[in-house]
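To start, the structure under review is shown below, and the notes come after it.
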Amino acid sequence: MIAVKPCIEADLLIVGGGIGGLMAAISAAKSGCTNVVVMEKMHARRSGSGATGNDHFNCYIPSYHGDDIRPVFQQTMQSLIGSGKEPSLMYKFLKKSFELVQMWDEWGVNMRPTGQWECKGHALPGKPRAFLKYDGSEQKKVLVREAKKLGVHFYNHHPVVELARMDGRIAGALAVDISTPVPQFQPVRAKTVLLATGLTHRLYLTAPTPAYMFNTGHCPNCAGGQGLGWRVGARMVNMELPYTHAGPKYFARCGKATWIGVYRYMDGTPVGPFTDHSNIDYGDVTSDIWNSVFEDVMAKGTGPAFMDCSDASDKDLEYMRWAMKGEGLTSLLNYMADAGIDPKQHAVEFMRYEPILHGRGLDVSDEGETSVPGLFAAGDMVGNGGCGIALAAYLGWEGGHAAALQAAEHSFRPAEDCPNIKARMELLSSFLEREDGADWKDANMALQQIMSDYAPAGPRKVRSERLLQTGLIYVRQLRENAMKQLKVTCSHTLMRAAEVLDLMDCGEALLAAALARKETRGNHIRADFPFTNPLLGDQFLTVGLESNGEVTTKWRPIRQAQMD
Amino acid sequence: MPPVIDHEKCIGCGTCADICNSDIFVFDRKVDKTPVVKFPEECWHCESCVLDCPSGAITLRLPLSYSLMHIDASLLHSSQTPCSASSKEARS
Ligand SMILES: Cc1cc2nc3c(=O)[nH]c(=O)nc-3n(C[C@H](O)[C@H](O)[C@H](O)COP(=O)(O)OP(=O)(O)OC[C@H]3O[C@@H](n4cnc5c(N)ncnc54)[C@H](O)[C@@H]3O)c2cc1C
Ligand code: SF4
Ligand code: SF4
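So the protein sequences, as listed, match chains R and Y.
For the first sequence, position 329 (counting from the first letter as 1) is numbered 329 according to the numbering used here, and the numbering increases by one without interruption.
Quick note, the numbering used here runs 564 ahead of the 1-based positions in the second sequence.
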């Protein structure tokens, strides 16, 4: 059995030291919580999708946008982060967003590089621009520093592998100390827990390079965190609606709105209707609106489509390079410089990436609490209010505050004695003790194959009752086999094996939800229900694992915004 | 594959191994002077290690399969068909 370290206690345990987790830590500490613990799988200073920067912060700034928030709210809901989100939560977020921006500004994130509040990119021509252009290259260092100033305890190299629930309420978690090659279990008793593990990659075959599963647009180590909530019964939402991102081909990297150019066909004609020349303020929003554009043009034979920046002025291109640094794209810039790829002279082909769980996952209240009392969630892993940096900051802030208040009312319980915690310890220990067995990559790829074949994203590929049912059977078979066969050799591979088990739970939740959505919506194309049912337009579908092991789906009304 | 450490420049501080976004290094100070790239295929190419290395000892090498597909932008703005242009280029 893997050695077990003495249990530690946390008033608020935060799982994931990314943007949402760090904001939750700061907010809870400022709300009077004195024992805030962040458990981070890697190292909070450089972990997650915001590791090296971001540059678009969705927000409403009265002095910039004017007194009426509604047009900005409308643009936000139509943007790539707003679709499918809970309007009540989104409205509260937007109202709070400038406060968050000002905090970051005060702490030292470069929120107004030109000295002014300026919004650029991800915007429809002539419409209000809802994304503040900032330089996020130092954001993680700044947030970690702020949290440390307030006495937040950091445990880097501590992935959480299971949560504990007692008498209905969250009670703690099990982490693994992977800071040395020999793993050790670290049980935690916690009065409240906030999950902020980011989005989920590695569920589907990687579109640019199927043989390389870490070639992903966002952080590939964010993989399966929704599964932690799932296993203790937290309900999930929007799991069945595929989200895909796009970017350069074949080096997968987000940040498409930072490119100042026009998507063009080979003959020079623009692919989308929004612009025919480079525009520093609006960019080319085509792929935000037409999600599958790069795949569609290939399938029609009219493609490929290229990002053409060659008509941009030297000044604009210099600005683009500067913005790419703020966006954390130095590896892309350095690669292009080394390979002699110059945006003034070369057009780079773009492609659609594989489906990811981005803004698909835990169903939360407007304050970030899940259906499990005491368990909160923030960031990309949230199904009804996650996607992007600003929402992660908002729900981290709100959830951290609400969790701090709750923690004051509750006491510690022996989470380490929960049967599921003990069972996970035994299971993971068995992987290390096994003499011979399967590699975690085998299991991960097997899952990717099944998900890509049986629950693919539209518009060209379809789902149906038969495909999804079969997929469910296969994922369950795979999980059973993986539990019996996985073998790990060290802390690192143990962490990966635990991720794969989380990913399988995400796969199961997605398949079950996709079965229950008996209609076609967005890129969830049901061959057996080829229409969009207007009666379902004002409802969300949630999926959850009951304590008896049964998977249930339920419809609930979407909470509308209460405008002032 | 992924990060390449210049052993001459590395001062063995361990920063890269500590902050790596994908936990791909192993650094056993008792055995090695420089962290070892143990899981290269799991590198995200985020460049955190390059940015934080105090002695500029790390460079990234992208796998060939990650190469950026690109063409000469002038082809998009000329009446030439790209195929005829590129075959001409290839012959010259
Ligand atoms: C290149 C790039 C550019 C981007 N640009 C923008 C932009 O301009 N605007 C925008 O809005 N968004 C942008 N994004 C997306 C943005 O970075 C994310 O939406 C944001 O970081 C989400 O915050 P989060 O807290 O949900 O997740 P993350 O910041 O990804 O953090 C999740 C953390 O959880 C940790 N973790 C995962 N599982 C576990 C576990 N089991 N135990 C412990 N820790 C765990 C991870 O290591 C990670 O540190 C960009 C992303 C990329 C990659
Ligand atoms: S960060 Fe640089 S100097 Fe430090 S161990 Fe790594 S390569 Fe060597
Ligand atoms: S580029 Fe990122 S993932 Fe790769 S070794 Fe460096 S820090 Fe780790």
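Each residue gets a CB set at the ideal place from its N, CA and C atoms; glycine is no exception.
Predicted, not measured: the structure shown is a model, and the values here were computed from it.
Q. Going by Cα to Cα distance, which pick from His153/R, Arg202/R and Leu22/R is closest to Ala196/R?
A. Checked all of His153/R, Arg202/R and Leu22/R; the closest Cα to Ala196/R is Leu22/R.
**Q.** Spatial distance of Cys219/R from Cys490/R (CA atoms)
**A.** Spanning the two alpha carbons is a distance of roughly 22 angstroms.
Q) Can you tell me the Cα-Cα spacing of Lys127/R and Ser547/R, whole angstroms? A) Using only the alpha carbons, I get a separation of about 48 angstroms.
Q: For Gly108/R, I'd like the list of residues in its chain whose CB is within less than 6 angstroms of its CB, leaving aside the five on either flank, ordered along the chain.
A: By the criterion of a C-beta distance shorter than 6 angstroms, Gly108/R is surrounded in its chain by Val142, once the five residues flanking it on both sides are discounted.
Q: Return the chain-ordered list of same chain residues with a C-beta closer than 7 angstroms to the C-beta of Asp284/R, the five sequence neighbours on each side being excluded.
A: So the qualifying residues of the chain are Gly261, Val262, Tyr263, Gly272, Phe274 and Thr275.
Q. Just the Cα atoms here: how many angstroms apart are Gly399/R and Lys30/R?
A. Rounded to the nearest angstrom, the two C-alpha atoms are 13 angstroms apart.
Q) What in chain R is Cβ-close to Ser631/Y, meaning under 8 angstroms? A) The answer, in chain order, is Tyr250, Phe251 and Ala339.
**Q.** Same chain only: Cβ atoms within 7 angstroms of Thr579/Y, ignoring 5 sequence neighbours per side
**A.** Asp616, Cys617 and Pro618, listed in sequence order.
Q. Should Trp104/R be labelled buried (16 or more other beta-carbon atoms within 10 Å of its own) or exposed?
A. Looking at its Cβ environment, which holds 16 or more other Cβ atoms inside 10 Å, Trp104/R is buried.
Q: Starting from the C-beta of Glu86/R, find all residues in its chain whose C-beta is less than 7 angstroms away, skip the five residues before and the five after it, and write them out in chain order.
A: Asn384, Gly385, Ile558 and Arg559.
Q: Please name the residue, chosen from Trp230/R, Leu427/R and Arg526/R, that lies closest to Leu494/R on a Cα-to-Cα basis.
A: Across the set Trp230/R, Leu427/R and Arg526/R, the C-alpha of Leu427/R shows the shortest separation from the C-alpha of Leu494/R.
Q: Compare the C-beta of Glu606/Y against all C-beta atoms of chain R and say whether one is closer than 8 angstroms.
A: Yes, Glu606/Y lies at the interface with chain R (some Cβ there is under 8 angstroms from its Cβ).
Q) Roughly how many angstroms lie between the CA atoms of Gly121/R and Tyr64/R, to the nearest whole one? A) Between the C-alpha atoms of Gly121/R and Tyr64/R there is a straight-line separation of about 15 angstroms.
Q: Using 10 angstroms around the beta-carbon of Cys14/R, count the other beta-carbons present and answer buried if the total reaches 16, otherwise exposed.
A: This sequence places Ile at residue 14/R; Cys is not what is there. In this structure Ile14/R is buried. Its beta-carbon is surrounded by 16 or more other beta-carbon atoms within 10 angstroms.
Q. So the alpha helix (DSSP H) Ile525/R belongs to, where does it begin and stop?
A. That residue, Ile525/R, is in no alpha helix (DSSP H); it is neither H nor E in DSSP.
Q.
Tell me which residue opens and which closes the beta strand (DSSP E) that Arg145/R is part of.
A. Arg145/R -> not in any beta strand (DSSP E); alpha helix (DSSP H) instead, spanning Gln139 to Lys149.
Q. Between Gly136/R, Thr370/R and Val72/R, which lies nearest to Arg129/R when the distance is taken from Cα to Cα?
A. Checking every option, the nearest Cα to that of Arg129/R belongs to Val72/R.
**Q.** Contact check, Cys636/R vs Ala171/R, beta carbons under 8 angstroms
**A.** Shown here, chain R extends from 1 to 564; a query on residue 636/R therefore has no answer.
Q: Could you name the residues of chain R that Asp570/Y contacts, counting a contact when the two beta carbons are closer than 9 angstroms?
A: For the C-beta of Asp570/Y, not a single chain R residue is nearer than 9 angstroms; the gap to the nearest is close to 15 angstroms.
Q: Please list, following the chain, all residues that have a C-beta closer than 6 angstroms to any non-hydrogen atom of ligand 5.
A: What this structure holds is ligand 1, ligand 2 and ligand 3, not ligand 5.
(Q) Which residue marks the beginning of the alpha helix (DSSP H) containing Lys85/R, and which one marks its end? (A) Unbroken run through Lys85/R: none, as it is neither H nor E.
Q) Taking just the CA atoms, how far does Trp608/Y sit from Ser49/R? A) Those two C-alpha atoms are separated by around 10 angstroms.
(Q) Tell me which residues of the region 341-355 of chain R have at least one Cβ-Cβ distance to chain Y shorter than 7 angstroms, keeping chain order. (A) For chain Y, the residues of the region 341-355 of chain R that bring a beta carbon within less than 7 angstroms of one of its beta carbons are Ile341, Gln345, His346, Ala347, Val348 and Glu349, in chain order.
Q) Of all the options Ser88/R, Gly136/R and Ala438/R, which has the alpha carbon lying nearest to the alpha carbon of Leu486/R? A) Nearest in C-alpha terms to Leu486/R, of all of Ser88/R, Gly136/R and Ala438/R, is Ala438/R.
Q: Can you give me the Cβ contacts of Ser651/Y inside the same chain, cut-off strictly under 7 angstroms, excluding the 5 residues immediately before and after it?
A: With a pLDDT of 41 at Ser651/Y, under the threshold of 50, the modelled position of that residue is not reliable, and the figure given next carries that caveat. Within the same chain, Ser651/Y has no close Cβ partners at all.
Q) Are Ile2/R and Met483/R closer than 8 angstroms when you measure CB to CB? A) For the 8 angstroms CB-CB criterion, Ile2/R and Met483/R do not form a contact.
(Q) Considering only DSSP beta bridges, list what Ile622/Y is partnered with. (A) Note: Ile622/Y sits in a beta bridge opposite Ile569/Y.
Q. Got a sec? Which residues, its chain only, sit under 6 angstroms from Pro113/R by beta carbon, not counting five neighbours each side?
A. Correct list, in chain order: Asp135.
Q) Would the C-beta of Thr598/Y count as close to ligand 2, meaning under 7 angstroms from any of its heavy atoms? A) Correct: Thr598/Y has its Cβ closer than 7 angstroms to ligand 2.
Q.
Can you find the residues in the same chain that come closer than 6 angstroms, C-beta to C-beta, to Glu653/Y, ignoring five residues on each side of it along the sequence?
A. Unreliable placement is indicated for Glu653/Y, whose pLDDT of 43 sits below 50; the coordinate value is still reported in the next sentence. When the five nearest sequence neighbours on each side are left out, no beta carbon in the same chain lies closer than 6 angstroms to the beta carbon of Glu653/Y.
Q. What does Cys219/R reach in chain Y if we use C-beta pairs closer than 8 angstroms?
A. The contacting residues are Asn585, Trp608 and Cys610.
Q. Residues in its own chain within less than 8 angstroms of Met236/R by CB, not counting five upstream and five downstream?
A. Excluding sequence positions up to five before and after Met236/R, its CB lies within less than 8 angstroms of the CB of Gln226, Gly229, Trp230, Arg360, Gly361, Leu362, Asp363, Gly383, Ala509, Ala513, Thr542, Val543 and Gly544, all in the same chain and listed in chain order.
(Q) Given a cut-off of 8 angstroms on the beta-carbon distance, is the pair Gly84/R and Ala392/R in contact? (A) Gly84/R is not a Cβ neighbour of Ala392/R, given a cutoff of 8 angstroms.
Q) Beta carbon of Thr197/R: closer than 7 angstroms to some heavy atom of ligand 1? A) Checking every heavy atom of ligand 1 against the Cβ of Thr197/R, one is found closer than 7 angstroms.
**Q.** ligand 2 heavy atom lying under 7 angstroms from the CB of Pro618/Y
**A.** For Pro618/Y, the CB falls within less than 7 angstroms of some heavy atom of ligand 2.
Q. Does Ala637/Y have its Cβ less than 8 angstroms from a Cβ in chain R?
A. Yes, Ala637/Y lies at the interface with chain R (some Cβ there is under 8 angstroms from its Cβ).
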